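Engineer: Residues in the sequence shown are numbered from 0 upward in steps of one, following numbering that gives the first Met the number 0.
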Amino acid sequence: MDLKQHIRGIPDFPKPGILFYDISTLLRNGLAFRTAIHRLGRAIQPYAPTMLAGIESRGFLLAAPLAMELGLGFVMLRKRGKLPGETVGLDYALEYGTDRIEIQADAVRPGDRVVILDDLLATGGTMSAGIQLLRKVGAEVPAAAAMVELTFLGGRDRLGVPCEVLVSYDV
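(1) Threshold first: 3 residues or longer. Then list the beta strand (DSSP E) segments lying entirely within the stretch 11–89, N to C.
(2) Count the other CB atoms, across all protein chains shown, that sit within 10 Å of the CB of R108; report buried if there are 16 or more and exposed otherwise.
(3) Name, in chain order, the residues that DSSP records as bridge partners for I102.
(4) Suppose contacts are defined by Cβ-Cβ distances below 8 angstroms. Is I36 in contact with D21 by that definition?
(5) Would you please verify whether the beta carbon of F32 is less than 8 angstroms from any beta carbon of chain D?
(6) Among A121, D98, P83, whose alpha-carbon lies nearest the alpha-carbon of A104?
(7) State the beta-bridge partners of I9 as determined by DSSP.
(8) Just curious, the beta strand (DSSP E) that M175 is in, first and last residue?
See the structure below:
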């Protein structure tokens, strides 16, 4: 199955000149969604993860069902103030400003092998911050994964770990 056929491009969203790759069309097709999860599972199994982490919010849509399929735990990396209990956070730079992601302090154990997932790898800023945050709480991060990669933005170069993707766009 060609997963690209299930991802639509929406021009000028969220602002003029941007072509937004919308995975909601893939998610609403049960066979395409199942195929994507299955392929991601095959791609990350060689990294022997003990847990998966999803980046808020669309990363949850991939990491949670994939964790179920593989029989692994799932942990959320969320925006500031969204998690209960003690949290550990990391501020990171965006194109214009900064942002912060957090994890519950007891979400992973030192030495857990955590593969991090998001729907899209673009510039790599958020994914790189997620990797740093997971390492900050003691996890090993053997790899990252995404459904879509915008290769022309060079995001994987910022990660420092292998990155598995299902669909790539060069422009």
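Ideal Cβ placement from N, Cα and C applies to all residues, glycine included. Here the structure is a predicted model, which means the values were calculated and not measured.
Structural biologist: In short, the structure shows the following:
(1) Within the stretch 11–89, the complete beta strand (DSSP E) runs of at least 3 residues are 18–21, 50–54, 72–78.
(2) When all chains shown are included, R108 counts as exposed.
(3) V87
(4) no
(5) Protein chains in the displayed structure number just one, and chain D is not present.
(6) It is P83.
(7) F19
(8) Here the chain has residues from 0 to 170 only, and residue 175 is not among them.
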